[in-house]
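Down below is the structure, laid out as structure tokens.
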Amino acid sequence: MDSSIETPYVLEGRVTRVLFRDEAALFSAVKVRPDAGPEITVVGEFLSVSAGDEFTFTGEWETHPKWGPQLRVLHALQKLPREPAAIEGYLSGGLFRGVGKALARRLVKHFGETTLEVILARPEDVEQVPGISSKKRASLVTSFYEHRQVQDLALFLQGHGVSLYLTKKIHEHFGREALAVMRSDPYRCASELPGIGFLKADSIARKTGLPADSPARVRASIEYVLRDRCEVRGHSFLPRKELVRDCLLFLNGELGSPGVPSGQVSAEIERLLASGALVADEPDAIYLREAYEAETVLASRIRDLQQVPVAVSPRLEEALAKAQREAGIIYAPEQGEAIRKALSFPAAIVTGGPGTGKSTVIRGVIAALASLSDGAKVLLAAPTGRAAKRMAEITGREALTIHRLLEFSPDAWTFQRDENHPLDADLLVVDEASMLDLLLASALFRAVPPGMQVLLVGDADQLPSVGFGNVFADLVRSGSVPLVRLSHIFRQALESRIVTNAHRVNQGRMPVLERTPDFRFVALEESAKVAEFIRDAALYYRSAGMAPDEINVLTPMRKTETGVAALNKLLQGALNPPSGGKAEVAAGEAVLREGDKVMQIRNNYVKEVFNGDMGIVETIGAPKDAGEEEEEERIIVNYQGSRVTYSRTELDQLVLAYACTIHKAQGSEYEGVVLIPVVKQHWIMLQRNLLYTAITRARKRVVLIGQEAAIRRAVTNAGSRLRHSRLAERLKAASG
4 MDSSIETPYV LEGRVTRVLF RDEAALFSAV KVRPDAGPEI TVVGEFLSVS
54 AGDEFTFTGE WETHPKWGPQ LRVLHALQKL PREPAAIEGY LSGGLFRGVG
104 KALARRLVKH FGETTLEVIL ARPEDVEQVP GISSKKRASL VTSFYEHRQV
154 QDLALFLQGH GVSLYLTKKI HEHFGREALA VMRSDPYRCA SELPGIGFLK
204 ADSIARKTGL PADSPARVRA SIEYVLRDRC EVRGHSFLPR KELVRDCLLF
254 LNGELGSPGV PSGQVSAEIE RLLASGALVA DEPDAIYLRE AYEAETVLAS
304 RIRDLQQVPV AVSPRLEEAL AKAQREAGII YAPEQGEAIR KALSFPAAIV
354 TGGPGTGKST VIRGVIAALA SLSDGAKVLL AAPTGRAAKR MAEITGREAL
404 TIHRLLEFSP DAWTFQRDEN HPLDADLLVV DEASMLDLLL ASALFRAVPP
454 GMQVLLVGDA DQLPSVGFGN VFADLVRSGS VPLVRLSHIF RQALESRIVT
504 NAHRVNQGRM PVLERTPDFR FVALEESAKV AEFIRDAALY YRSAGMAPDE
554 INVLTPMRKT ETGVAALNKL LQGALNPPSG GKAEVAAGEA VLREGDKVMQ
604 IRNNYVKEVF NGDMGIVETI GAPKDAGEEE EEERIIVNYQ GSRVTYSRTE
654 LDQLVLAYAC TIHKAQGSEY EGVVLIPVVK QHWIMLQRNL LYTAITRARK
704 RVVLIGQEAA IRRAVTNAGS RLRHSRLAER LKAASG
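For the sequence shown, our numbering gives the first residue as 4, with consecutive numbering after it.
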């Protein structure tokens, strides 16, 4: 078959063989006999498929490196069978509850070619068949109608880019009303079901003729805009005027073309406030309910925690001296103060940059507490798996992600640890606390009982968390929690150009760009040349023996020639090109290939992999040759020795990770090389804390590539984006 045939291509034919079927993903590979010509391999999503089924396919030709030319299905419309044998197979194929081969044979023997029409149009006639009761008839007719409803829904939604997997979920949720809901108010689907976001629902709504100023659209856009600004840009709330403005920009476009008036947006905000979906505070701050509750609960829990006094041991100085002797060091004055405060107050904060001894403080607090109380119990936690692993390495003790510490239950979709089932320990130490977002911090402090001490350790000058709020910076700014800033850089750290340049950047000074073994600047003016250098450097380091997880590219943005998307495509092509011996699978707009470096982008508590975890695609299953036993396709990713299995429906959790954003690299420290493009194309994102965070991810080698003017822009641009939050004010009010 000529794979150059223009698309879309329409094919009518009968399925002769099912080569492969993944029931969870509804993905199949089948052989189809057209009306004329040889058999054709067809791959894609099918609600159901069996040998003998007739379809009208619309698809695109592609060439698989192993299986050759095949038609990838865009739409598959199954024809109701007409021949008695085909009708028997259709009814007994498992689609209809309680219908096996014997019952299907009796139905077809009685009604012949009109069997399916009778079931649909005159279901009561089914009882004429011997051995079929009213109950059996009702079950058969109900399941038959449900199947046709799903097919009708699929036919409608496939035209709007909704997968069959999501179609099935929509039907399961809304039942027989699913098609009516998607035609009249698809925004319900966006709010009630994961997988269909507002933008997809809005696209469907507009194509089906729902007015641009419909109340349903305006309400849905308010919640979408507010959630986007909070989850993506890190706000806890939006001022009312800002929310109205952003909604109007979204609804009417940048030019503000006539459409939805501001009064209608304001009126719908009031309706959402009245329903409890949104909360107004004082009264111009508009919160999502979950963010308001998290902020107020967090402030309240920290206030309550600090009202329980700590009995400071008279042996504290003795314990401090013992900890120094056992470690073979002498604590700097700041470090000693940090350890004392950690053991003298209900909650304390230690912040400092690289090389200032934060890890030494953590070890010192644990050692001193052990001297003071032989049976003292300490819990260690961090927001990410990578940060928890590093914490375990520096302390020699078990460290957990906060989600594991709080015993998240995927079935109940909530934490098992809370104020009713609190943590049990004398001290909780949280590292990389700058990564705590509002929701996670609130859940954590809900599980801290009165009398338990908490030490938060982090770098207040790094980028803030991805997600709601600015928790660590707010805690520092509020002055409500005892704080120690570590500023002394130790001699060993001073020998590192990475450390000294990071501190120069943090102080608003240009880094020293002269080349050293651990720090290098490559001056290139053109962004395309920067991307090419990154590719060539990655190939060089790979040839020098570096493992994939030791070559890390951190970039400020997702788009542009030196953004995440373009660099991942370029680096995948260079480091892991396609070959006949490597299986691959489509995952959204990308292709994942055996050997690819990938990142998990959502917390998955069942698989115990979390947002930001990186691994290597180890195995991609594939359909076996015709005649062999079928095998369910699975993708296995190796996360530093832990193998995690994904189905096709779960591939939206994975992205290529040859390059990632600097935000995604928070909580990581890389042993190999960190390549950082710093170019004028990223002008809007070039900020001091972003460059500082990128440089501090590396332990051994940093390479900056781009323009010195772009570096200067980042260094001198101290203003990060304002995050609307009232946590600091609430904490000040509580302690005042």
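The C-beta atom is built at its ideal place from N, Cα and C for all residues, glycine as well.
{"Asked": "Member of L83, A89, S142 whose CA lies at the smallest distance from the CA of E120", "Found": "L83"}
{"Asked": "V609 versus A415: straight-line alpha-carbon distance, rounded", "Found": "12 Å"}
{"Asked": "Cβ-based neighbour list, S136, same chain, cut-off 7 Å, excluding 5 preceding and 5 following", "Found": "none"}
{"Asked": "Cβ-Cβ separation, A385 to D434 (assumed contact under 8 Å), whole Å", "Found": "5 Å"}
{"Asked": "Limits of the unbroken beta strand (DSSP E) element including K600", "Found": "600-603"}
{"Asked": "Cβ contact (3+ pairs, closer than 8 Å) linking the region 334-353 and the region 470-489", "Found": "yes"}
{"Asked": "Endpoints, beta strand (DSSP E) assigned at V381", "Found": "381-385"}
{"Asked": "Span of the beta strand (DSSP E), counted from its first residue to its last, around D284", "Found": "281-284"}
{"Asked": "L443 in three-state terms, based on DSSP", "Found": "helix"}
{"Asked": "Length at least 3, wholly inside the region 426-491: the beta strand (DSSP E) runs in chain order", "Found": "430-433, 456-461, 486-489"}
{"Asked": "Whole-angstrom distance between P312 and P680, CA atom to CA atom", "Found": "50 Å"}
{"Asked": "is_contact[K667, chain C] using C-beta, thresh 8 Å", "Found": "This model lacks chain C altogether; it includes just one protein chain."}
{"Asked": "Same chain only: Cβ atoms within 8 Å of G722, ignoring 5 sequence neighbours per side", "Found": "Q690"}
{"Asked": "Alpha-carbon spacing of N504 relative to A294, whole angstroms", "Found": "37 Å"}
{"Asked": "Expected contact under 8 Å - CB spacing of L409 and A391 to nearest Å", "Found": "About 13 Å; that fails the 8 Å criterion."}
{"Asked": "Between the CA atoms of E285 and I225 - distance to the nearest angstrom", "Found": "19 Å"}
{"Asked": "Identity of the residue in P68, H67, W70, G47 nearest T61 by Cα", "Found": "G47"}
{"Asked": "Inter-residue Cα distance where the pair is L3 and I43", "Found": "Residue coverage of the chain in this structure runs from 4 to 739, which leaves residue 3 outside it and unanswerable."}
{"Asked": "C-alpha distance - E631 paired with R702, whole-angstrom precision", "Found": "Confidence in E631 is poor, its pLDDT being 37 and thus under 50, which makes the residue's placement unreliable; the coordinate value appears in the next sentence. Using only the alpha carbons, I get a separation of about 50 Å."}
{"Asked": "Other residues of its chain near F159: CB distance less than 8 Å, five sequence neighbours each side excluded", "Found": "L182, M185, R186"}
{"Asked": "Rounded C-alpha distance that separates L659 from N641", "Found": "14 Å"}
{"Asked": "From E528, G598, V601, residue whose alpha carbon lies closest to that of A713", "Found": "E528"}
{"Asked": "Residue of L382, H491, E498 minimising C-alpha distance to Q456", "Found": "L382"}
{"Asked": "Beta carbon of L319 nearer than 8 Å to that of R343", "Found": "yes"}
{"Asked": "Which of helix, strand or coil DSSP assigns to I623", "Found": "strand"}
{"Asked": "Cβ-based burial, K3 [other Cβ within 10 Å; buried from 16]", "Found": "Look at the range of the chain in this structure, 4 to 739, and you will see that residue 3 is not part of it."}
{"Asked": "Cut-off 7 Å between Cβ atoms - residues of its own chain near D628, not counting five sequence neighbours on either side", "Found": "A caution first: D628 carries a pLDDT of 41, below 50, which makes its placement in the model too unreliable to give a value."}
{"Asked": "Entirely enclosed alpha helix (DSSP H) segments - the region 29-112, minimum 4 residues", "Found": "87-94"}
{"Asked": "Whole alpha helix (DSSP H) elements within the region 535-615, 4-residue minimum", "Found": "567-578"}
{"Asked": "Helix, strand or coil at I173 according to DSSP, with G and I counted as helix", "Found": "helix"}
{"Asked": "Touching by the beta-carbon criterion (3+ pairs, under 8 Å), the region 208-228 and the region 270-288", "Found": "yes"}
{"Asked": "Residue burial classification, G237 (beta-carbon count within 10 angstroms, cutoff 16)", "Found": "buried"}
{"Asked": "Close Cβ partners of D249 (< 8 Å) along its chain, the five nearest in sequence each way excluded", "Found": "V228, R232, L241"}
{"Asked": "Alpha carbon of K69 to alpha carbon of V706, nearest angstrom", "Found": "39 Å"}
{"Asked": "Rounded Cβ spacing between I537 and G675 (contact assumed at less than 8 Å)", "Found": "Actually they do not touch by this definition, with Cβ atoms about 14 Å apart."}
{"Asked": "Best match in G356, T363, E337, Q338 for proximity to A330 [C-alpha to C-alpha]", "Found": "T363"}
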